[in-house]
Every structure is written in structure tokens, then in C-alpha cells.
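Participant: Before I ask anything, let me first share the structure, which is written out below as C-alpha cells.
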């Protein structure tokens, strides 16, 4: 009975070497297996191939193991190169319904758009099951209006002979329009999750690099630039810090106004785990009131 059901899900041509599938891109949401929709759970139970990537974001420890127990299926983790090559996933589609599980919403990464296109070019149906995303959750948690968000900036670790600074131009462009900037921080297999303090340090270096290349340019960020720093967005232990850039309590520099804002009561150690930074542009009075309330 189960085999018949799987064949039905696979569609015409199953097991005959032609296009089968379908391919499902399934969003896991922001926290753990409890964020996965009931519809997605039922669908995953019918799949013959199950894969998951974790390089675009991190889920809580044990998420995949608990999800496997919930659906009664094994899930194979894939690295960036394996997903981007597309071969493993598309080959699995020739055997039946296949799903790639993605933290957050599956279509916020260009890699996954390419996978959908490649599947369709091979005659494989592709479907998307959406989930909560950092792109809406972070501004929402910070009390920023979504239509005032500008382009997203990604800050990656700097290495020898590799110092990407294009993100600072994105921030400058957004601020010039009065728009807010969501800064995604690097998640590296070896170096781990970039801390906001590291990101702010890279921002300073990027500003210096930009100024050196064009001395006429004004600084992008000032000590008084309003920030929101969020850790573990969507998790039970979500944390938010709000205040001026100069008052960030983990910058390694002494506060200009000791005891001002949340720095006085902040944990002595910068939180670990995935984090994002929101750089506020021109705030609506309601946004500014929320920023002030969070920074008290």
C-alpha cells in the first residue's frame, strides 16, 4: 500500500528513468522542528529522498534528529557545494518525491531559486512550502515597518587577501534614502557564527577602506547611529539590544556614557549563536518610540 502511495506521489514515469519527482523545497522556519507546518510534516512522510542544508542559517541543536523521529524518515545533511551542484538532489528525484529542507523560508537564497529552475528544465515538478523568515521576523521583532526596509547587506569574515566591503555601499545607499538595513552575519563552518561585535569592527574597517578609496565620501555610520541587535530570532531565548552604535556593550571600547541604556544591565558576555544587526534609517515616530523603549 505504501509503495502504491509513493508511486502515486512520484507521478508518471516513476522508476522508468524519466523525470519523476516532484521536488519540494520545504521551509523549516527560524527555530526548530516545531516551526515546521503540519502540511509540510505530512508531505515529508511521503518522500523517498530527504535532504537538509544548514549553511544559510542555523537551527537549534537536535532539530533534524527530532524531525526524523517525527516523520519516521532519515534526513541527509548537505553542504553548500552539494546543494549548489544540484546533482544529488535531482538524481534523487528520479526515484520519487524528494524534499530539500531549508532553515527559514526556502526562497530567500538564490541557490534555491537555481535548483527550482534546474528541476523544471529536466521536466521535474517543483513546489515550495514557505515558512517564517528572518527578513520579516527581525524587523517585526524590532518594531520597524517592513515597507521602510532597504536592500539587505551580508557581512562576511575578512581573511588574508579577502576583504569584501560592498555591504557598506548598500548601507550608505539605504541611509541616503532613509531606509533601514538588515545586516546578515556570516556563518562559517570553521569560524562559527559571526558575533555582532565582530561585524561592527568589520564595518569600521570597511568605512576606512571606502574613505581611503574616495576621500570625498562622508562616513556611513556615526557613533550615534541607531542600531538593533538581535540574537536567536524566533527562538524561546530571543534577545534584542537597541541603542546608539557607540553604546553597544560588547564593542571592546569603553562606553562614552557609562550606565546609559541597556549596556548597564547587559550580560557580561556577548551571546553566542546566530544574530543579525538592523541599522535604522529615518524612523517613523512609532519606530523611534519603540527603539527608545528597547534602549532604556
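Residue numbers (the working numbering): 1276 to 1571. Here a beta-carbon is modelled for each residue, glycine too, at the ideal position from N, C-alpha and C. Just so it is clear, the structure is predicted and the values come from calculations on it, not from any experiment.
Let me know the beta strand (DSSP E) ranges lying completely inside the segment 1284-1353, each 3 residues or longer, listed in chain order.
Facilitator: 1298-1302, 1324-1328, 1351-1353
Participant: Applying the 10 Å Cβ sphere with the 16-neighbour rule, what's the burial state of residue 1463?
Facilitator: Indexing the chain shown from 1 puts residue 1463 at position 188. By the neighbour-count rule (16 or more Cβ atoms within 10 Å), residue 1463 is not buried but exposed.
Participant: Touching or not, the segment 1332-1340 and the segment 1376-1384, by the rule of three or more beta carbon pairs under 8 Å?
Facilitator: yes
Participant: Whose C-beta lies closer than 7 Å to the C-beta of residue 1314 among residues of the same chain, with five residues either side of it excluded?
Facilitator: For the purposes of this step, residue 1314 is taken as the residue at position 39 of the chain shown. Once the five neighbours on either side are set aside, the close Cβ partners of residue 1314 are 1404.
Participant: For the beta strand (DSSP E) that contains residue 1518, what are its first and last residues?
Facilitator: Position 243 of the chain shown, counted from the first residue, corresponds to residue 1518. Per DSSP, residue 1518 belongs to the beta strand (DSSP E) from 1514-1519.
Participant: I'd like to check one pair, residue 1447 with residue 1495: are the Cβ atoms closer than 7 Å?
Facilitator: Counting from one through the chain shown, the residue named residue 1495 turns up at place 220. Counting from one through the chain shown, the residue named residue 1447 turns up at place 172. Contact: yes.
Participant: Residues in its own chain within less than 8 Å of residue 1402 by CB, not counting five upstream and five downstream?
Facilitator: One-based indexing of the chain shown puts residue 1402 at position 127. 1297, 1298, 1299, 1300.
Participant: What's the C-alpha gap between residue 1388 and residue 1382?
Facilitator: Position 113 of the chain shown, counting from 1, holds the residue named residue 1388. Position 107 of the chain shown, counting from 1, holds the residue named residue 1382. Cα to Cα, residue 1388 sits roughly 6 Å from residue 1382.
Participant: Relative to the C-alpha of residue 1349, which candidate in 1324, 1310, 1521, 1486 has its C-alpha closest?
Facilitator: The residue given as residue 1349 occupies position 74 in the chain shown. Measuring from the Cα of residue 1349, the nearest candidate turns out to be 1324.
Participant: State the beta-bridge partners of residue 1434 as determined by DSSP.
Facilitator: Looking up residue 1434 in the chain shown gives position 159. 1437.
Participant: Short of 8 Å in beta carbon distance, which residues of its chain neighbour residue 1367, apart from the five on each side in sequence? Order them along the chain.
Facilitator: Residue numbering aside, residue 1367 sits at position 92 when the chain shown is read from its first letter. In chain order, 1323, 1324, 1326, 1373 place their CB closer than 8 Å to the CB of residue 1367, counting only its own chain and leaving out the 5 sequence neighbours on each side.
Participant: Starting from the N-terminal side, write out each stretch of the alpha helix (DSSP H) that is 4 residues or longer and does not extend beyond the segment 1363-1437.
Facilitator: You should have 1385-1396, 1409-1417.
Participant: Put residue 1502 into one of helix, strand or coil per three-state DSSP.
Facilitator: By one-based count along the chain shown, residue 1502 stands at place 227. In the structure shown, residue 1502 sits in a strand (DSSP, three-state: E or B).
Participant: Which word fits residue 1334, buried or exposed, when buried means at least 16 other C-beta atoms lie within 10 angstroms of its C-beta?
Facilitator: Numbered from 1 along the chain shown, position 59 holds the residue referred to as residue 1334. Residue 1334 should be labelled buried.
Participant: Quick one: what's got a C-beta closer than 6 Å to residue 1531's C-beta in the same chain, skipping five residues either side?
Facilitator: The residue labelled residue 1531 in the question sits at position 256 within the chain shown. Model confidence at residue 1531 stands at a pLDDT of 45, short of 50, so the residue's coordinates are unreliable; what they give is reported in the following sentence. Within the same chain, residue 1531 has close Cβ partners 1521.
Participant: Should residue 1523 go down as buried or exposed, given a rule of 16 or more other Cβ atoms within 10 Å for buried?
Facilitator: Residue numbering aside, residue 1523 sits at position 248 when the chain shown is read from its first letter. It counts as buried.
Participant: In three-state terms, what does DSSP make of residue 1539?
Facilitator: By one-based count along the chain shown, residue 1539 stands at place 264. At residue 1539, the pLDDT of 40 sits below 50, so the modelled position is not reliable; the number obtained from the coordinates is stated separately. The answer is helix: DSSP assigns residue 1539 an H, G or I state.
Participant: Might you give, ordered along the chain, the residues of its own chain that have their beta carbon closer than 7 Å to the beta carbon of residue 1424, omitting 5 neighbours on each side?
Facilitator: Locating residue 1424 in the chain shown gives position 149, where the first residue counts as 1. Once the five neighbours on either side are set aside, the close Cβ partners of residue 1424 are 1414, 1454, 1455, 1457.
Participant: Based on the DSSP secondary-structure assignment, which residues constitute the bridge partners of residue 1467?
Facilitator: Here residue 1467 refers to the residue found at position 192 when the chain shown is read from its first residue. 1463.
Participant: State the DSSP-derived secondary structure class of residue 1529, mapped to helix, strand or coil.
Facilitator: Here the question's residue 1529 lines up with position 254 in the chain shown. Here the model assigns residue 1529 a pLDDT of 46, short of 50, so the residue's position is not dependable, and the following value carries that caveat. Three-state DSSP puts residue 1529 in coil, outside helix and strand.
Participant: According to DSSP, is residue 1455 helix, strand or coil?
Facilitator: Working through the chain shown from its first residue, we reach residue 1455 at position 180. Three-state DSSP puts residue 1455 in a strand.
Participant: Would you check if the segment 1426-1438 and the segment 1389-1401 touch, i.e. whether three or more CB-CB distances between them fall below 8 Å?
Facilitator: Touching, no, given that fewer than three Cβ pairs across the two stretches are closer than 8 Å.
Participant: Taking its Cβ as the centre, do 16 or more other Cβ atoms sit within 10 Å of residue 1507, making it buried, or is it exposed?
Facilitator: The residue given as residue 1507 occupies position 232 in the chain shown. Buried is the call here.
Participant: Which of the three DSSP states is assigned to residue 1553 in this structure?
Facilitator: Position 278 of the chain shown, counting from 1, holds the residue named residue 1553. DSSP places residue 1553 in strand when its eight states are reduced to three.
Participant: Roughly how many angstroms lie between the CA atoms of residue 1552 and residue 1307, to the nearest whole one?
Facilitator: The sequence position of residue 1552 within the chain shown is 277, counting from 1. The sequence position of residue 1307 within the chain shown is 32, counting from 1. Cα to Cα, the separation comes out at about 22 Å.
Participant: Taking the alpha carbon of residue 1480 as the reference point, which residue from 1444, 1504, 1501 has its own alpha carbon closest?
Facilitator: The sequence position of residue 1480 within the chain shown is 205, counting from 1. Nearest of 1444, 1504, 1501 to residue 1480, Cα basis: 1444.
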